[in-house]
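This note's numbering applies: residue 178 is where the sequence shown begins, and numbers increase by one. Note that CB positions come from ideal geometry on N, CA and C, so glycine has one too.
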Amino acid sequence: MRALILLLVLPLSGLPGCGPPEVPEASVLMIGIDGLEPSIVADLLEAGRLPNLAALAERGTLGSIATMVPTWSPVIWTTIATGQDVREHGINFFLETSSQLPFTSNSRRVPALWNLVSDAGRTVDVAGWWISWPAEQVNGRIVASYAAQAQAHLIWKPTLWAGMQGQTHPLSLAAEIEPLVTYAEDGVDVLDDLWTVFDKPAETTELTGRCVTDLAWTFRGDRSFAAVGKHYLEHDPGDLVMLYLSLPDVAGHRFWRYHAPQDFDYEVDAAELEIFGDYIHTAYELFDAQLGELLESWPADGNVIVVSDHGMHADLETQDDPEAITSGHHQTGPGGLFVVAGPAFANGGNLLGSASNSKGLVGEVKGVAPLVLRLLGLPVPKHWDYARRENPLEDLLDADWAKRFPARRGPNPDAAWREENPPGLPIDPGGGQSETFIELIESLGYLRGSEDE
Numbered sequence: 178m179r180a181l182i183l184l185l186v187l188p189l190s191g192l193p194g195c196g197p198p199e200v201p202e203a204s205v206l207m208i209g210i211d212g213l214e215p216s217i218v219a220d221l222l223e224a225g226r227l228p229n230l231a232a233l234a235e236r237g238t239l240g241s242i243a244t245m246v247p248t249w250s251p252v253i254w255t256t257i258a259t260g261q262d263v264r265e266h267g268i269n270f271f272l273e274t275s276s277q278l279p280f281t282s283n284s285r286r287v288p289a290l291w292n293l294v295s296d297a298g299r300t301v302d303v304a305g306w307w308i309s310w311p312a313e314q315v316n317g318r319i320v321a322s323y324a325a326q327a328q329a330h331l332i333w334k335p336t337l338w339a340g341m342q343g344q345t346h347p348l349s350l351a352a353e354i355e356p357l358v359t360y361a362e363d364g365v366d367v368l369d370d371l372w373t374v375f376d377k378p379a380e381t382t383e384l385t386g387r388c389v390t391d392l393a394w395t396f397r398g399d400r401s402f403a404a405v406g407k408h409y410l411e412h413d414p415g416d417l418v419m420l421y422l423s424l425p426d427v428a429g430h431r432f433w434r435y436h437a438p439q440d441f442d443y444e445v446d447a448a449e450l451e452i453f454g455d456y457i458h459t460a461y462e463l464f465d466a467q468l469g470e471l472l473e474s475w476p477a478d479g480n481v482i483v484v485s486d487h488g489m490h491a492d493l494e495t496q497d498d499p500e501a502i503t504s505g506h507h508q509t510g511p512g513g514l515f516v517v518a519g520p521a522f523a524n525g526g527n528l529l530g531s532a533s534n535s536k537g538l539v540g541e542v543k544g545v546a547p548l549v550l551r552l553l554g555l556p557v558p559k560h561w562d563y564a565r566r567e568n569p570l571e572d573l574l575d576a577d578w579a580k581r582f583p584a585r586r587g588p589n590p591d592a593a594w595r596e597e598n599p600p601g602l603p604i605d606p607g608g609g610q611s612e613t614f615i616e617l618i619e620s621l622g623y624l625r626g627s628e629d630e
């Protein structure tokens, strides 16, 4: 009987689909860009002001992606990185309830893409992603960000701190990137940096001065992380490269009243409107330029994903308050931008504002991680939502590619994942609130504000 079974089975091993699955050769570059509003992108594309996004749309698909409500950045970006909801990954706000400290990577209950890809024997590079500090040990490189804006109630996005433990994996990467980045403690005036790209006002009020300062810190952080991403791409990039940037989000929060003054119940100052009216557009153009520089070092046969966590609109709570620091927000959960291009994808073009789909909606943020795993030929954990049902983002795949590399399902890795732990601290580990770190932040000119952006 055993001999008969062998005679029946062995010939099948050479048939298509009976051997080891074919693995896609192309790698994946995923750029997360916070707060990119699709309607603004559509207008700037029409005006020819976003040439690199336009080039991606010409050889791929550009549309919008549904987000989560409430639109809290740590929650959404962790969902994008894990493919699971807040109930599973556990990052439910900016701060952990009991300690009132910002969530850190050791608080995440499930593995992220960089863990899954690394555990599968593939390589991964990550820079600036939310809730990535302290940097985890992976088969590749991580430059992690610490969400100190939550710890000290500050409005600023990821930046790098000289000497902070846990910012890089491997440890030697810290010295490698040092010439490429500007640390928060460096004695460079952040506003002088800003005026190299943005129009400089002749004078500022307390309100507009705060707005440009917040923008300047974010500009510095994005420039550093974009340089790290470029370094990755020029020096043996991983099978998956993940990079987070954030300037459009801060520009939207701070300068929406000048972008869309008609959305407010008060008259926006004409002189301020003249100088700040194009700031949001400039932030989008700057991202487009950074995208172009990154793509110069990315192989033509590599797959590209650009995703934003949400869009932007006038702040519903401050439309009648001319003194409010925040004038743009995303309380209603406006969808973000989603762009794909590369050998795995069909050519769908620019879907924003099309007759058939006025919003160009192609899927939701929870579908990004399973799409990435499929692009890399890795199995999607069988308990993920989009392992049990169709992922609309996979409709963007080229039909021949999708047939050649069918979706695979794999075991649940969450059970073997480490236990959830309280948030860590960048200074004075094991202590309470890190007063030393907060004093350092305040000494650098950061001001207190809202923590919900």
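DSSP assignment within the region 492-566 yields the following whole alpha helix (DSSP H) runs of 4 residues or more, N-terminal first: 545-552, 562-565. In the DSSP assignment, LEU239 falls within the beta strand (DSSP E) that extends over 237-243. A check of alpha carbon separations from LEU410 across GLU473, GLY537, ASN598, LEU548 identifies GLU473 as the nearest. Contact between LEU384 and GLU494 does not hold, since the beta-carbon distance rounds to 16 Å and is not under 8 Å. Within 10 angstroms of the beta-carbon of GLU355 lie fewer than 16 other beta-carbons, which makes it exposed. Between the region 244-259 and the region 476-496 there are three or more C-beta pairs closer than 8 Å, enough to call the two in contact.
LEU206 is the residue among THR274, PRO476, LEU206 whose C-alpha sits nearest the C-alpha of VAL517.
For GLN344, the number of other beta carbons within 10 angstroms of its own is at least 16, and it is reported as buried. By the beta-carbon neighbour count (other beta carbons within 10 angstroms, threshold 16), ASN480 is buried.
Ranked by Cα distance from GLU596, the options TRP307, HIS266, ASP220, ALA234 are led by HIS266. Here the region 310-317 does not lie against the region 253-262, with fewer than 3 beta-carbon pairs under 8 Å apart. Here DSSP, grouped into helix, strand and coil, assigns ILE308 to coil. Classified as exposed, TYR443 has fewer than 16 neighbouring CB atoms from the shown chains inside 10 Å of its CB.
Counting along the chain, ILE319 sits inside no alpha helix (DSSP H); it lies in the beta strand (DSSP E) bounded by residues 317-320. Residue state for ASP302 is assigned as strand, using DSSP reduced to three classes.
Contact annotation, LEU424 with GLY406: C-beta distance approximately 14 Å; criterion of less than 8 Å not satisfied. Taking the Cα of ALA448 as reference, the smallest distance to any Cα among LEU350, ASP416, GLY537, TYR435 is reached at TYR435. The C-alpha of GLU541 is placed about 15 Å away from the C-alpha of THR509.
Taking 8 Å as the upper bound for CB-CB distance, PRO279 and LEU290 are not in contact here, some 21 Å apart.
In the assembly as shown, ALA321 is a buried residue. Its beta-carbon has 16 or more other beta-carbons within 10 Å.
In the DSSP assignment, VAL294 falls within the unbroken alpha helix (DSSP H) covering 290-296. Secondary structure at THR359: coil, using DSSP grouped into helix, strand and coil.
The beta-carbon distance between TYR456 and VAL218, rounded to whole angstroms, is 16 Å. This is too long to meet the 8 Å contact definition. 7 Å or more divides the Cβ of GLY512 from the Cβ of HIS430. Under the three-state reduction of DSSP output, VAL205 falls in the strand class. Beta-bridge partners of TYR421 (DSSP): GLY209.
Using a 10 angstroms sphere on the CB of LEU348, the tally of other CB atoms stays under 16, which defines it as exposed. If you draw a straight line from the Cα of VAL557 to the Cα of LEU392, it comes to about 38 Å. Between ASP302 and GLY212 the beta-carbon gap is near 23 Å, outside 8 Å, which marks them as no contact.
Nearest neighbour of HIS346 by Cα position, chosen from SER295, ASP446, SER250, ALA466, turns out to be SER295.
When the alpha-carbon of PHE522 is set against those of ASP497, GLU567, ARG581, ASP498, the nearest one is in ARG581. LEU471 and ASP478 have their C-alpha atoms spaced approximately 14 Å apart. In this structure, GLY240 lies near PHE515, with their beta-carbon atoms less than 7 Å apart.
The residues ALA361, GLY398, in chain order, have a CB closer than 6 Å to that of THR336 in the same chain once the five nearest residues on each side in sequence are set aside. The beta carbon of PHE432 lies closer than 6 Å to those of PHE453, TYR456, ILE457 in the same chain, with the five residues before and after it left out. Nearest in C-alpha terms to ARG551, of all of PRO438, LEU221, ALA579, is ALA579.
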